[in-house]
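Here's the structure we're looking at; comments come further down.
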């Protein structure tokens, strides 16, 4: 079992395997040569594991939502949602990442039966274009894992705008997972939620993903004392596109 240090990718190369059920696994080919989008990061791995767990399926996927993943990278969280019961999943990222996303979805088609999975380019500032393609229904569940790296107000505003633009008219739940790396990035984000149309419903600490002795991904709760090793805190924000109704997921 290995502990992830702050800033370390969960897996940067080789095949990452995540059990979808007792007999099948989601296989993701990691390639650090593709930059950040070619890595499986801790928050994405932890969110994927949560979605595939009985608890996650009950809380977030029991109603077979239509899902959009922002900044998909390798697609680990979106593909987990597809395997765990989503009705449809749209994996989105900047154009260079889309061919690998489409190839990964095709490679795992046998695990994703019953869910329509597609990959599309999306810059957050242009989310209204994708929202138009999803109209009139929009999406019920929005996933974003390890997408927030900059304190830049315009970039954070674009991310909020994308979440709002893609939501169904009846509202949507946003699962925003991230490693709590830098206060100067995350504090402005939290402050900006007030009055933005995104309501912070709850905040949880995700379990830290690890690799067991057999190479299979497992999860454990990080101990409170780790000596000189900096503990990696993975946060899950449950955000509601504010329509005044209570979201599922409690």
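Residue numbers (the numbering used here): 24 to 273.
Yeah, the Cβ is synthetic: ideal placement off N, Cα and C, and Gly gets one too.
Problem - C-alpha gap between residue 173 and residue 113, whole angstroms - result: What you label residue 173 is simply residue 150 of the chain shown in a count that begins at 1. What you label residue 113 is simply residue 90 of the chain shown in a count that begins at 1. C-alpha separation (whole angstroms): 24 Å.
Practice task
Counting only the same chain and skipping the five closest in sequence on each side, list residues whose C-beta sits under 6 Å from that of residue 190.
Solution key: Position 167 of the chain shown, counting from 1, holds the residue named residue 190. 161, 264.
Handout entry: Inter-residue Cα distance where the pair is residue 211 and residue 69
Key = Your numbering for residue 211 matches position 188 in the chain shown. Your numbering for residue 69 matches position 46 in the chain shown. So the two alpha carbons sit approximately 24 Å from each other.
Practice task
Report the option in 95, 83, 41, 105 whose CA atom is closest to the CA atom of residue 168.
Solution key: Locating residue 168 in the chain shown gives position 145, counting from the first residue. The shortest C-alpha separation from residue 168 is found at 95.
Handout entry: Residues bridged to residue 141 [DSSP beta-bridge criterion]
Key = On the chain shown, residue 141 is found 118 positions in, with the first residue counted as 1. Bridge partners of residue 141: 113.
Handout entry: Same chain only: Cβ atoms within 6 Å of residue 111, ignoring 5 sequence neighbours per side
Key = Counting from 1 along the chain shown, the entry for residue 111 is found at position 88. These residues qualify, in order along the chain: 89, 139.
Problem - Contact belief for residue 105 with residue 135 at Cβ below 8 Å, rounded distance in angstroms - result: Along the chain shown, read from residue 1 onward, the residue named residue 105 stands at position 82. Along the chain shown, read from residue 1 onward, the residue named residue 135 stands at position 112. Yes, they are in contact, since the Cβ atoms of residue 105 and residue 135 sit about 5 Å apart, within 8 Å.
Exercise for the section: Report the option in 188, 261, 62 whose CA atom is closest to the CA atom of residue 52. Expected result: Sequence index remark: in the chain shown, residue 52 carries index 29 (1-based). Nearest of 188, 261, 62 to residue 52, Cα basis: 62.
Practice task
Give the secondary structure of residue 224 by DSSP, where H, G and I count as helix, E and B as strand, and everything else as coil.
Solution key: Translated into the one-based positions of the chain shown, residue 224 becomes position 201. Of the three classes helix, strand and coil, the one that applies to residue 224 here is strand, per DSSP.
Practice task
On a CA-only basis, which of 147, 79, 50, 78 is nearest residue 180? Give me that one, please.
Solution key: Numbered from 1 along the chain shown, position 157 holds the residue referred to as residue 180. When each option's Cα is compared against that of residue 180, the closest is 147.
Practice task
Please work out which residues of its chain come closer than 7 Å, Cβ to Cβ, to residue 19, disregarding the five sequence neighbours upstream and downstream, and give them in chain order.
Solution key: Absent from the structure is residue 19, since the part of the chain shown begins at 24 and ends at 273.
Handout entry: alpha helix (DSSP H) segment containing residue 183, residue limits
Key = Position 160 of the chain shown, counting from 1, holds the residue named residue 183. 176–189 is the extent of the alpha helix (DSSP H) around residue 183.
Problem - Among 175, 177, 209, 220, nearest to residue 186 - alpha-carbon criterion - result: Here residue 186 is taken as the residue at index 163 of the chain shown, counted from 1. Residue 186 has its Cα closest to that of 220, out of 175, 177, 209, 220.
Problem - residue 235 to residue 170 span [Cα, whole Å] - result: Position 212 of the chain shown, counted from the first residue, corresponds to residue 235. Position 147 of the chain shown, counted from the first residue, corresponds to residue 170. Here residue 235 scores only 42 on pLDDT, less than 50, and its place in the model should not be relied on; the value that follows carries that caveat. A straight-line Cα-Cα distance of about 26 Å links residue 235 and residue 170.
Handout entry: Distance CB(residue 115)-CB(residue 93) smaller than 8 Å
Key = Along the chain shown, read from residue 1 onward, the residue named residue 115 stands at position 92. Along the chain shown, read from residue 1 onward, the residue named residue 93 stands at position 70. Yes. Within cutoff.
Handout entry: Check whether residue 257 and residue 226 have beta carbons under 8 Å apart
Key = Here residue 257 is taken as the residue at index 234 of the chain shown, counted from 1. Here residue 226 is taken as the residue at index 203 of the chain shown, counted from 1. Contact check for residue 257 against residue 226 fails: the beta carbons are separated by 8 Å or more.
Exercise for the section: Reducing DSSP to helix, strand and coil, say where residue 199 ends up. Expected result: Here residue 199 corresponds to residue number 176 of the chain shown, with the count starting at 1. Residue 199: strand per DSSP, three-state reduction.
Handout entry: Same chain, Cβ closer than 7 Å to residue 260, five either side skipped, listed in chain order
Key = Walking along the chain shown from the start, residue 260 turns up at place 237. The beta carbon of residue 260 sits closer than 7 Å to the beta carbons of 199, 223, 226 from its chain, once the five residues preceding and following it are set aside; these are given in chain order.
Problem - C-alpha distance - residue 182 paired with residue 195, whole-angstrom precision - result: The residue labelled residue 182 in the question sits at position 159 within the chain shown. The residue labelled residue 195 in the question sits at position 172 within the chain shown. Taking the straight line joining both Cα atoms gives about 15 Å.
Handout entry: Separation of residue 86 from residue 118, as counted between CA atoms
Key = For the purposes of this step, residue 118 is taken as residue 95 along the chain shown, with counting starting at 1. For the purposes of this step, residue 86 is taken as residue 63 along the chain shown, with counting starting at 1. About 31 Å.
Problem - Counted within 10 angstroms of its Cβ, other Cβ atoms place residue 163 as buried (16 or more) or exposed - result: The sequence position of residue 163 within the chain shown is 140, counting from 1. Classification for residue 163: buried.
Problem - residue 246 versus residue 71: straight-line alpha-carbon distance, rounded - result: Here the question's residue 246 lines up with position 223 in the chain shown. Here the question's residue 71 lines up with position 48 in the chain shown. Note that residue 246 has pLDDT 33, beneath the 50 cutoff, so the model's placement of it is unreliable and no number is given.
Handout entry: Residue closest to residue 124, alpha-carbon to alpha-carbon, out of 41, 109, 102, 77
Key = The sequence position of residue 124 within the chain shown is 101, counting from 1. Of the candidates 41, 109, 102, 77, the one whose C-alpha sits nearest the C-alpha of residue 124 is 102.
Practice task
Can you tell me which of 91, 64, 201, 215 puts its alpha carbon nearest to the alpha carbon of residue 154?
Solution key: If you number the chain shown from 1, residue 154 lands on position 131. Of 91, 64, 201, 215, the residue nearest in Cα terms is 91.
Practice task
Could you tell me the distance, in whole angstroms, from the CA atom of residue 209 to the CA atom of residue 128?
Solution key: Position 186 of the chain shown, counted from the start, is the residue given in the question as residue 209. Position 105 of the chain shown, counted from the start, is the residue given in the question as residue 128. Cα to Cα, the separation comes out at about 31 Å.
Exercise for the section: Rounded to whole angstroms, what's the CA-CA distance from residue 120 to residue 142? Just pull it up for me. Expected result: Residue numbering aside, residue 120 sits at position 97 when the chain shown is read from its first letter. Residue numbering aside, residue 142 sits at position 119 when the chain shown is read from its first letter. Between the C-alpha atoms of residue 120 and residue 142 there is a straight-line separation of about 9 Å.
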